[in-house]
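Q:
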Amino acid sequence: MSEVLGLRERKKLRTRHALIAAALQLFLEKGYEETTVSEIATAADVSTRTFFSYFASKEDVVFHNSREGLDRGLEVIAGRRPGERAIDLLGRAVTASFATLAADDEFRHEMAPINHLVMTVPSLRARGLLLLFDSQQELAEALHRACPDELTLVEASAAVGAVIGGAKLAAFVSLNGGASPDEILEASRQATEFVLAGLRAASPASP
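Counting with the numbering used here, you get residues 438 to 644 for the letters of the sequence shown.
Here's what the structure looks like:
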């Protein structure tokens with residue numbers, strides 16, 4: 438039984454990857470607005486009904502991996518180590534998020550085309566900004582819950598905004614400069630460490 442379920446899950450994963458690959462290729466070739474769900478399904482050799490069993494819309498295909506790094510970061514924050522400072526916990530959470538994404542070969546391959554779409558299609562840019570805001574809010578609330586005696590919600594929000602904002606901007610600048618996926622991830626990591634160093638200096642450890 439477990440073997441049958443394993444085969445079924447692998448087939449579902451292959452179908453999902455086929456839909457994503459077909460959609461991104463069509464978006465780049467024809468344009469996002471000009472591409473229909475039916476065309477994506479046909480290119481992936483599945484029915485339109487099958488498409489909607491995986492994704493609710495074309496937007497959801499573009500942002501299909503938006504939760505992976507965030508969920509890993511939230512998991513780290515929820516498992517705060519005894520005595521761990523809030524800034525160190527945030528740094529560990531963001532580092533874990535980057536590691537999760539860096540280990541995903543599909544994400545690395547899709548990084549450039551997805552970012553191109555998000556930056557050039559107004560509706561996708563708006564969705565991307567909303568997701569970024571929502572994810573930062575989730576992280577800030579989680580950080581405040583984990584360290585209520587060290588950071589207010591406002592302070593947690595400021596720390597998360599500084600770290601994530603710096604990392605995202607560094608990634609976009611690197612991408613626009615023609616950097617490789619590895620170089621983009623490294624730029625984000627360096628920006629994160631730079632901001633965290635400033636936050637640690639502004640909030641020295643208690644004696």
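For every residue, glycine included, the Cβ atom is placed at its ideal position computed from N, Cα and C.
What residue from Ala-530, Ser-625, Ala-536 has the CA that sits closest to Arg-517's CA?
A: Position 80 of the sequence shown, counted from the start, is the residue given in the question as residue 517. Closest by alpha carbon: Ala-530.
Q: Taking buried to mean at least 16 other C-beta atoms within 10 Å of its own C-beta, is Phe-570 buried or exposed?
A: Taking the sequence shown and counting its residues from 1, the one referred to as residue 570 is at position 133. It counts as exposed.
Q: For Val-600, which residues from the same chain have a beta carbon less than 7 Å from its beta carbon, with the 5 sequence-adjacent residues on both sides left out?
A: Position 163 of the sequence shown, counted from the start, is the residue given in the question as residue 600. Once the five neighbours on either side are set aside, the close Cβ partners of Val-600 are Leu-527, Val-531, Thr-629, Val-632, Leu-633.
Q: Can you tell me where the alpha helix (DSSP H) with Val-483 in it begins and where it stops?
A: Your numbering for residue 483 matches position 46 in the sequence shown. Element bounds for Val-483: n/a, residue is neither H nor E.
Q: Quick check on Pro-585: does DSSP put it in helix, strand or coil?
A: Your numbering for residue 585 matches position 148 in the sequence shown. Pro-585 falls in the coil class under three-state DSSP.
Q: Please go through the same chain and pick out, in chain order, the residues whose beta-carbon is closer than 6 Å to the beta-carbon of Ile-621, but skip the five residues on each side of it.
A: The residue given as residue 621 occupies position 184 in the sequence shown. Ala-608, Ser-611, Leu-612, listed in sequence order.
Q: Any chance you could list the alpha helix (DSSP H) runs of at least 4 consecutive residues sitting entirely within the stretch 515-603, in chain order?
A: The stretch 515-603 contains these whole alpha helix (DSSP H) runs: 523-539, 542-557, 559-583.
Q: Taking Ala-455 as the reference, give the member of Phe-488, Asn-502, Ile-514 with the closest Cα.
A: By 1-based counting over the sequence shown, the position of residue 455 is 18. Of all alpha-carbon atoms in Phe-488, Asn-502, Ile-514, the one lying nearest the alpha-carbon of Ala-455 is that of Phe-488.
Q: Measuring CB to CB, does Leu-463 end up less than 9 Å from Glu-476?
A: The count along the sequence shown starts at 1 and reaches residue 463 at position 26. The count along the sequence shown starts at 1 and reaches residue 476 at position 39. Yes, these two residues count as a Cβ contact at 9 Å.
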